[in-house]
Amino acid sequence: MDKRNNWFLSPFADRIGVIPGKVDAELFALMSKHGVPQGRESIVDWERIEHHTFEFDFVGSEQPINEALNASRIITSPRMIVFCSMNNPLIELAGSDFCKHWHDLWAASGYMELFAISKDGKLIIEMTEHPLLFHSNFPIL
379 MDKRNNWFLS PFADRIGVIP GKVDAELFAL MSKHGVPQGR ESIVDWERIE
429 HHTFEFDFVG SEQPINEALN ASRIITSPRM IVFCSMNNPL IELAGSDFCK
479 HWHDLWAASG YMELFAISKD GKLIIEMTEH PLLFHSNFPI L
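When you line the sequence shown up against this note's numbering, it's residues 379 to 519, in that order.
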């Protein structure tokens, strides 16, 4: 993925690192390393870990989500590993950049699925398409 040519990522491409390797192998190795259970309908099996969920498919949802993410623990995470799609490599960016650009990352995924895990494995967040939900292992809203 040429992050500078990706219309959604180009505004903050200089703050994104690209993780080389096969996406699925890297992603599932990272999840396994931190004990994150792999799901069938989503990347994470959220039924097997304590989690928080909220729907984000409502008019005007971006602003409350921005505020909630900026007030969450994720903003202080030094580095997040982000999965946008199987067609792109994993990327790495600061938690504050994830919070600021979550909608751009969601768009870069094709509005399908977005997953991020802190480099230390303590914070996990996933956005799913059907239904449009945020899942996390920490409170957001």
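Each residue gets a CB set at the ideal place from its N, CA and C atoms; glycine is no exception.
(request) Determine the contact status of residue 503 and residue 452, defining contact as a CB-CB distance below 8 Å. (result) Your numbering for residue 503 matches position 125 in the sequence shown. Your numbering for residue 452 matches position 74 in the sequence shown. The answer is yes: Cβ separation under 8 Å.
(message) Which residue wins for smallest C-alpha separation from residue 412, given the options 493, 422, 500, 478?
(response) The residue labelled residue 412 in the question sits at position 34 within the sequence shown. Of the residues 493, 422, 500, 478, the one whose Cα lies closest to the Cα of residue 412 is 500.
(message) Across the region 476-490 and the region 432-449, are there enough close Cβ pairs to call them in contact, namely three or more that are closer than 8 Å?
(response) By the C-beta criterion, the region 476-490 is judged to be in contact with the region 432-449, since at least 3 inter-stretch pairs fall below 8 Å.
(request) Can you check the region 428-482 for any beta strand (DSSP E) of at least 3 residues that lies completely inside it and give the ranges in chain order? (result) 430-433, 458-461, 468-471
(request) Using DSSP bridges, identify the partner residues of residue 502. (result) By 1-based counting over the sequence shown, the position of residue 502 is 124. DSSP output for residue 502 lists 495 as bridge partner(s).
(request) Name the one or two DSSP bridge partners that residue 512 has. (result) The count along the sequence shown starts at 1 and reaches residue 512 at position 134. Partner(s): 432, 505.
(request) Could you tell me which of 414, 440, 432 sits nearest to residue 517, measuring between CA atoms? (result) Working through the sequence shown from its first residue, we reach residue 517 at position 139. Relative to residue 517, the option among 414, 440, 432 whose CA is nearest is 432.
(request) Indicate the three-state DSSP secondary structure (helix, strand or coil) for residue 401 in the structure shown. (result) Residue numbering aside, residue 401 sits at position 23 when the sequence shown is read from its first letter. The answer is helix: DSSP assigns residue 401 an H, G or I state.
(request) Would you list the residues sitting across from residue 395 in a DSSP beta bridge? (result) Here residue 395 is taken as the residue at index 17 of the sequence shown, counted from 1. Answer by DSSP bridge pairing, in chain order: 470.
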